[in-house]
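Below: the structure, in structure tokens.
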Amino acid sequence: MSLYINPPNTPTPGNPAIDALYEADHPAHQSRMQELVTQRGYPLETYATVTSDGYELILFRIPYGKYRNNQPGVKKPVAFLAHGVTLASDSFVILNANESMAFTLADAGFDVWFGNTRGNTYSRRNVNGLYTYQAEFWYFSIDQLATIDLPTMVDYVLAKTGASKLAFVGHSQGCTLAIALCADRPEYNDKFSVIAHMGPVVFVEFFRAPFLRFAAINSLDQLFIALSVGEFLPNRLVAPLYGTLCPTWPLDELCAAALSFIFYGASIFITPDDYVSIATTWPSSVGSRNLVQWGQNFRSADLEFRKYDFGTACNVTKWKPGHGFLPKPFRESCNQAEYGSTVPPAYDLTKVTAPTIMFLGENDIMAVASDVEEEVRRFGPAHRGDFIYSDYAHMDFVWDRNAKHVVDLADVFFRYSPGTF
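Residue 1 is where the sequence shown starts when you use this note's numbering, and the numbers rise one by one after that.
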């Protein structure tokens, strides 16, 4: 079963050329999530909600499992899965049913929901008339994903299910969003029964991804701003190329090595054959300011996670691609206008009070122990424990066929879910 519920007030562009571009980004055209779930015998429902600034966010739901507690309409504890950067909800269902986090939770008796932040493969509409080919569509950073997108989705899920709280699991930047939300809007701590962090990335002083570290040190991310680049790794361009070149030997091993080197680090569990499936969904598009904010925090002299740095030059005219890609002027904001300070404020992790569990890999070059230890120290009593996997790299939490962490996650969710539905 698949269900798509449109949000109200969705605009209909009048220009046929614009309309074609708009429809190409409609999530109904992005069927991979539906295929991955329904071909394995699970139901899938699709919902849409709209943020306060007009972005349509697509949520997917597996309301019940295949083997147990599969009665439709029976209230269950709610699990919410949040994807990482360059990923989307489909990263949680790439593997077979007995190996996937999402399917395992559904079979265990959870009502499983998946979020998709603005700009990724599925959430590519704006009801205020912005389109993904326009630079303005991409004028958002991690701050908007954390303080607008995530609470919009959480509130929608709680209202739809009637649950008082939900069990949250984030991977990579998905963890970042939950931490930033609870720090910036502390009332949301009470909406999570537990927050499970898999490969959590907040502080990045010690992260070891070679290419990303090189790019951050040399401020390569600033090229996005200088060139007014909005979308990084557009899925419609990169995925077909990756999917065409990488499935065959010897390019499969080369692609696997390149992906590991550039982004996530090598895994001993994920094989070149696995990348054939991964290539059907990766990458999911990401806004360039998202990456710029990571670069800014890496280069920061203090061990903090700060909001997006607009700079201190106010009322400066810059240029961006306009109609027909001709440049047009615009005025960028500045820190003084945004924050009332020349320095962006830091997220205060001591305000995170929801029960927090860390899932860590000793081979993770993104969520490095030294950085995570500082996160845990600031969480204080909110930190309730760790699961440490000696052989895990960063992507093993979503792409690895080893189910150890999935079993541990289900146990954690069961422990914290009573009384929430």
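Glycine included, C-beta positions come from ideal geometry on N, C-alpha and C. Everything numeric in this text was worked out from a predicted model, so none of it was measured.
Distance CB(residue i)-CB(residue j) smaller than 8 Å
i           : j           : result
residue 151 : residue 122 : no
residue 78  : residue 163 : yes
residue 119 : residue 333 : no
residue 414 : residue 75  : no
residue 437 : residue 288 : Nothing about residue 437 can be read from this structure; the chain reaches only from 1 to 421.
residue 305 : residue 279 : no
residue 90  : residue 153 : no
Nearest-angstrom Cβ-Cβ length linking residue i and residue j, presumed shorter than 8 Å
i           : j           : result
residue 281 : residue 94  : 7 Å
residue 293 : residue 141 : 5 Å
residue 358 : residue 376 : 7 Å
residue 202 : residue 217 : With 8 Å as the limit, residue 202 and residue 217 do not qualify as a contact, their Cβ atoms being about 19 Å apart.
residue 266 : residue 159 : Going by Cβ atoms, the distance from residue 266 to residue 159 rounds to 42 Å, so no, they are not a contact pair.
residue 35  : residue 48  : 19 Å between Cβ atoms; not a contact.
residue 177 : residue 82  : 6 Å
residue 99  : residue 384 : Between residue 384 and residue 99 the Cβ distance is about 27 Å, and since that is not below 8 Å, they are no contact.
Distance between residue j and residue i (C-alpha atoms, nearest Å)
i           : j           : result
residue 84  : residue 172 : 5 Å
residue 408 : residue 109 : 15 Å
residue 366 : residue 143 : 20 Å
residue 191 : residue 382 : 14 Å
residue 23  : residue 303 : Legend: pLDDT at residue 23 = 47, less than 50; position of this residue unreliable, no value from coordinates given.
residue 195 : residue 168 : 5 Å
residue 397 : residue 198 : 7 Å
residue 185 : residue 353 : 11 Å
residue 200 : residue 73  : 34 Å
residue 29  : residue 138 : Here the model assigns residue 29 a pLDDT of 47, short of 50, so the residue's position is not dependable, and the following value carries that caveat. Using only the alpha carbons, I get a separation of about 21 Å.
residue 274 : residue 368 : 25 Å
residue 404 : residue 310 : 42 Å
residue 290 : residue 87  : 13 Å
residue 230 : residue 117 : 15 Å
residue 307 : residue 256 : 33 Å
residue 234 : residue 219 : 21 Å
residue 52  : residue 258 : 39 Å
residue 364 : residue 388 : 11 Å
residue 46  : residue 115 : 11 Å
residue 316 : residue 39  : 53 Å
residue 355 : residue 155 : 19 Å
residue 399 : residue 170 : 14 Å
residue 223 : residue 340 : 26 Å
residue 344 : residue 31  : 39 Å
6 Å CB neighbourhood of residue i in its chain, flanking five on each side removed
i           : result
residue 112 : 62, 79, 102, 105, 106
residue 54  : 126, 127, 128
residue 206 : 368, 370, 371
residue 245 : 251
residue 15  : Note that residue 15 scores a pLDDT of 43, beneath 50, so its modelled location is shaky; the value from the coordinates is reported in the next line. Closer than 6 Å at Cβ, skipping near neighbours: no residue.
residue 253 : 272
residue 174 : 82, 83, 84
residue 134 : none
residue 221 : 291, 292, 295
Neighbourhood of residue i by C-beta distance below 7 Å, restricted to the same chain and skipping five residues each side
i           : result
residue 428 : Outside the displayed range of the chain (1 to 421) lies residue 428, so it cannot be described from this structure.
residue 410 : 104, 105, 108
residue 181 : 146, 147, 150, 151, 188
residue 136 : 130
residue 386 : 358, 360
residue 412 : 194, 196, 357
residue 204 : 294, 297, 298, 371
residue 378 : 349, 350
residue 268 : 391
residue 183 : 347, 348, 349, 351, 352
residue 338 : 310
residue 406 : 101, 104
residue 441 : One cannot answer for residue 441 here, as it falls past the ends of the chain, which runs 1 to 421.
residue 380 : 350
Own chain, CB closer than 8 Å to residue i, minus 5 neighbours either side, in chain order
i           : result
residue 336 : 312, 314, 342
residue 157 : 59, 78, 80, 113, 163, 166
residue 42  : 62, 65, 66, 97, 103, 106
residue 419 : 164
* Mind listing, in chain order, the continuous alpha helix (DSSP H) runs of no fewer than 4 residues lying wholly within the segment 30-114? => Fully enclosed alpha helix (DSSP H) runs of 4 or longer: 32-38, 101-107.
* Asked: In the segment 359-418, which residue ranges form an unbroken alpha helix (DSSP H) of at least 4 residues, counting only runs that do not cross its ends?
  -> Fully enclosed alpha helix (DSSP H) runs of 4 or longer: 369-379, 396-399, 404-416.
* To do: Ignoring anything shorter than 3 residues or poking outside the segment 124-200, list the beta strand (DSSP E) runs there in chain order.
  => Runs of the beta strand (DSSP E) spanning 3 or more residues and lying entirely within the segment 124-200 occur at 166-171, 192-198, in chain order.
* Would you list, in sequence order, the uninterrupted beta strand (DSSP E) runs of no fewer than 3 residues that lie entirely inside the segment 274-298? => none
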